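Residue numbers (the working numbering), protein chains in the order written: chain A, 1 to 634; chain B, 1001 to 1634. In what follows, a single structure is set out as structure tokens and then discussed.
Here's what the structure looks like:
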């Protein structure tokens, strides 16, 4: 009876949300498509459609924090769609989590709030600090893990993380945690999601199974990421599904609800499953944690292991096809579930072994106690390892695990398995799941953490010599500049700009640089005087507190007020001192200019200081991708 | 009887170590003096003496990680002196801790081990990664806090901390923690030093006293640092004590042993005191934790509070005069002790209040339970706040506190007080104690975390136009270069170098830069051919895998083998592409070149690409100090 009623409930819930699911999916697709004007105004042939509210959001927030602008991604409409869609998709019982979307939602709120303060509104760098702090708060509320949140923001999400941002994020996460505690949504009066109650210490021999769990986590993480990438690339984007995301969502929901009936563990929600797998079986207690407790291994072990193993396969398969569909969907909880299944299986096996060989010297530390092995601990270690294999975070993940389970007793096992998993996964597949999503979505993300082998490449191979420039010796009218800008934008380089050059005895000297956006703004002010000449007086040296026109502007100090006396003098909009690099410099310096200083473009000069060309971030990324390809093909 | 014997024991221990103390002090001073050749070979007028084994070591390790070289600071002799001296000085019962010296000891070991691997021996950047990881391990073993150690290394000690270093440090700290656990020096089978046993949750009203503790921690931290700085500057270095460090040590030991007799809490070791202050008083338990437990507040509270208050004053005073004497001495444990005293006092007061007003609405959450207030929790929060006020760390400190006490239940109170303390302390005194020690010892540390206000200064104000240069149009013989090098070293700039210039039509062009050390090495090979001409062919562009001659060398990728065919061709030793900055750039870019890219020098060129001068790190530091002074005086 009870079984039948639970089956019915599950069935009703899933078919109920079947309908609402569709709505939410439609909502996100239409919304995204209507906002498809991603980076330019003109209609161009191949324009990619980003579904803003879909997926985890962490890869996109990473890209935004690395210095790119995705218009509307952190706006109010996305916030609304994501929040509603997330509620519906979690309620549908799909194999997905809520933490990635929480980071995205927190970033949206941070972004919207920052619009009300001109200090943040006008300064991209300051705004990014807010987004870093918001990400920390997002993880803090998703897991009740304030410190883990700060570290996750530092390790995975943020690009620049100065010490100041660190303790601001810390403050933000703390306030989020206090608020969460007083709102008390779970009714437990605790922040902790998966509180574990056991306090038995671990034994030295257990490091060996923990090591195995680490290896499992690494292998699983690498192959899961690869499979998910291939599925997304070849099945989702390679077949008719590409144009029918809503049907895909319906199919996945159908498949999920069918597989739910396989056994009680697949039927549970992700959070509930992880909670039960982590739990300790107390001898004599009536709570068997949904039959996971094995009292007499010789008879009970095999069916329980079989059930958990089936749950593992179903969870892994469903997560693989679910992550990436056009729904708000995180990866943490499903991954934790898979890892906890694997850990619990190993834990029961060790328990069984100890039960049959209680006198083995291996178990000497147990002193004959048959309740010495805690399978819940293995589940916890396995979950940490798997998550580390998938996301490739280390310290932040370990801290999140401690805060999730409210225990520090197992610091060493968790750390060990996390490190082993990361090492193994990195060896099998260098990119974590977020980086693969970035690659898949072709987001312009410059990875500061990777080492590149420059080989025999030189700066001259990258320099863009033919970049359209504004020449001082010509008469630059508003109209001529507008034409130049138009052709630049039309060629798809609307986010770069023009070097300003003047003729010298033997070559060209660099006077400055003006970004396309700045030029557009300057031109819009004087749009009526099409034939007026425009001047770029760059005689005065840079004065602090003036207009932020440096190429470092996106990261450096505050802006002052622009005192623009002559609307036709464009010098307040130009970067009078772009970063210069000599053409015989190592490519590593250029890379560091982009990654560490956050430059958007670098001007290349020859040994005599003459202008040779520019390298902008887009070209640099393209060059790095070529480098990758070369390495792969060789 | 017991009291008398304990007094005798204490007296004996302190006078015993009195003698050994002297030895250790003598050892460190003589050793340091014999190694006084700090940075140059020539004897110069004012040479500062650094006592390598004295103090905490963290400021010096910070300086080394920021890119400066202190010869011998991380050598075997320092290691030995520090290890022996630390054992003796802790045994002497002085008011000092062991964690700072542990970081130094770990760094020494890391440095010595790295000498055996040529990959690390030849690459400063790799070696610094090892030192970062070693610092993490040092804190990990000092507190049994592996994750806190990694974060401390990240937040306080290290300068560059890429993601790769993060998980390597994590690995290092984990191995250290596992080793410590299996060696089990405390015989408890646990890593945890101050395990707390209470698991009562905190109540919302308690956030107010915690806030007060945060303010106390901040005020104490700021004034303690200031007082210690003034004591060091005016008393220690301003009177006859300066030349008699051994007598100072003897006097401090004498004063410490006299004040020890004041009451039982001052008599305890630092660790023991903190342990007892953190402990919970269980009603009915025979363990009164050295009389700290207040069963009946109306009669017991006042004498206990008075005793703890006296202990607080004595501890604070002794620590203030002890930190900085010529002994291996850390600051963590004494600070924790002071903070725990303050917290315990407040805790007993709140307990007393609740005892007298059990029905007050404030204590409604207690539901009339008279054991509702845990003074040990207040002690823990107070300790965290005080330490945060002194060292200005936030996240790492919170994590260290959790790992020290093995509980995460009080995450929010600890985080709140830590943040309040840091904010208050920063407002009163912008520099933490380590930065003050750096200032006192005049170590060349460039603080990447601070914001400078550049005002109306320009690059031209900083550029060193008169830097001695090597001119291409002259005949540079081995002898002439040796003379130039000699005069450079003699003027105290042995760690800078020469720009290489050639005459052009209207000015000078920069060809490259050669560091004094590289030049010296190159000259030493051809020292016999005094009149031979030396060439600097810099025609070929930079090739990767060649000599590390970039100004980024100290931080960038690996070195290749130097194929030096012609000993008189010095081009392998020169930096063919130093970082260039245009003279109208903002000063912020120069600052970022130094802090983010780790440059040692920057070449300034004018708008036409002609050489204007150089800025080396030393000049930049001097300029920043001037800026500080200006700000203070205005």
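For each residue, glycine too, the CB sits at the ideal point set by N, CA and C. Please read all numbers here as calculations on a predicted model, not as lab measurements.
9 angstroms Cβ cutoff, residue i in contact with chain A
i: residue 1610/B; result: yes
i: residue 1508/B; result: no
i: residue 1098/B; result: no
i: residue 1438/B; result: no
i: residue 1484/B; result: no
i: residue 1278/B; result: no
i: residue 1363/B; result: no
i: residue 1624/B; result: no
i: residue 1151/B; result: yes
Listed by chain order, chain B residues near residue i by CB distance under 7 angstroms
i: residue 146/A; result: 1411 and 1415
i: residue 408/A; result: 1402, 1403, 1406 and 1408
i: residue 596/A; result: 1596 and 1597
Beta-carbon contacts of residue i that lie in its chain and below 6 angstroms, excluding the five residues immediately before and after
i: residue 138/A; result: 102, 103 and 106
i: residue 1477/B; result: 1531 and 1533
i: residue 1159/B; result: 1065 and 1066
i: residue 1606/B; result: 1583 and 1612
Other residues of its chain near residue i: CB distance less than 7 angstroms, five sequence neighbours each side excluded
i: residue 345/A; result: 305, 308 and 309
i: residue 393/A; result: 152, 155 and 156
i: residue 330/A; result: 56, 96, 97, 98, 99, 100 and 101
i: residue 301/A; result: 294, 348 and 352
i: residue 1229/B; result: 1436 and 1440
Any chain B beta carbon closer than 9 angstroms to residue i
i: residue 250/A; result: no
i: residue 586/A; result: yes
i: residue 563/A; result: Low local confidence applies: a pLDDT of 46 at residue 563/A is under 50, so the model's placement there is unreliable, with the coordinate-based value given in what follows. Output row for residue 563/A: interface = no.
i: residue 137/A; result: no
i: residue 654/A; result: Since the first residue shown for chain A is 1 and the last is 634, residue 654/A is missing from the structure and cannot be characterised.
i: residue 615/A; result: no
i: residue 639/A; result: This structure cannot speak to residue 639/A, because chain A is shown only from 1 to 634.
i: residue 141/A; result: no
i: residue 40/A; result: Residue confidence for residue 40/A is low, a pLDDT of 30 falling below 50, so the modelled location carries little weight and cannot support an answer.
i: residue 505/A; result: yes
i: residue 170/A; result: yes
i: residue 134/A; result: no
Where residue i meets chain B, residues with beta-carbon distance less than 8 angstroms
i: residue 195/A; result: Result: empty, since nearest Cβ-Cβ is about 10 angstroms, beyond 8 angstroms.
i: residue 119/A; result: Neighbours of residue 119/A on chain B: none; closest Cβ ~14 angstroms, over 8 angstroms.
i: residue 399/A; result: 1147 and 1399
Per-residue contacts from residue i into chain A (C-beta, under 7 angstroms)
i: residue 953/B; result: The structure shown does not extend to residue 953/B, since chain B is modelled only from 1001 through 1634, so no value can be given for it.
i: residue 1576/B; result: 584
i: residue 1178/B; result: 412
i: residue 1600/B; result: Those within 7 angstroms of residue 1600/B in chain A number zero; the least Cβ separation is about 14 angstroms.
Interface partners of residue i on chain A, CB under 8 angstroms
i: residue 1167/B; result: 394, 395, 419 and 422
i: residue 1181/B; result: 412
Beta-carbon contacts of residue i that lie in its chain and below 8 angstroms, excluding the five residues immediately before and after
i: residue 523/A; result: 478, 481, 482 and 485
i: residue 63/A; result: 70, 438, 443, 444 and 445
**Prompt:** Quick check: the stretch 372 to 384 of chain A against the stretch 330 to 345 of chain A, are there 3 or more CB pairs under 8 angstroms?
**Reply:** Judged by pairs of C-beta atoms under 8 angstroms, the stretch 372 to 384 of chain A touches the stretch 330 to 345 of chain A, as three or more such pairs exist.
**Segment contact, 8 angstroms Cβ cut-off, at least three pairs: the stretch 411 to 422 of chain A with the stretch 208 to 220 of chain A** = Touching, yes.
**Request:** Just list the beta strand (DSSP E) runs in the stretch 124 to 159 of chain A, keeping only unbroken ones of 3 residues or longer that don't cross its boundaries, in chain order.
**Result:** DSSP runs (the beta strand (DSSP E)) wholly in the stretch 124 to 159 of chain A: none.
**Message:** Counting beta carbon pairs with one atom in the stretch 118 to 134 of chain A and one in the stretch 159 to 170 of chain A, are three or more of them shorter than 8 angstroms?
**Reply:** Three or more pairs of CB atoms, one per stretch, sit closer than 8 angstroms, so the stretch 159 to 170 of chain A contacts the stretch 118 to 134 of chain A.
**Asked** At a cut of 8 angstroms, does the stretch 1396 to 1411 of chain B reach the stretch 1194 to 1213 of chain B through at least three beta carbon pairs?
**Response** Enough Cβ pairs lie closer than 8 angstroms, so yes.
**Prompt:** Taking contact to mean at least 3 C-beta pairs separated by less than 8 angstroms, is the stretch 1506 to 1514 of chain B in contact with the stretch 1567 to 1577 of chain B?
**Reply:** The stretch 1567 to 1577 of chain B and the stretch 1506 to 1514 of chain B touch, with three or more beta-carbon pairs separated by less than 8 angstroms.
**Request:** Evaluate contact between the stretch 358 to 368 of chain A and the stretch 227 to 239 of chain A, counting only Cβ atoms and requiring at least three cross-stretch pairs below 8 angstroms.
**Result:** Look at the beta carbons and you see the stretch 358 to 368 of chain A not touching the stretch 227 to 239 of chain A: under three pairs across the two are nearer than 8 angstroms.
**Prompt:** Mind pulling the beta strand (DSSP E) runs of 3 or more residues that sit fully within the stretch 1497 to 1538 of chain B?
**Reply:** When DSSP assignments are scanned along the stretch 1497 to 1538 of chain B, the uninterrupted stretches of beta strand (DSSP E) that are 3 or more residues long and fall wholly within it turn out to be 1497 to 1503 and 1508 to 1515.
**Item:** Contact the stretch 177 to 185 of chain A vs the stretch 255 to 273 of chain A: 3+ CB pairs below 8 angstroms
**Value:** Segments in contact, no.
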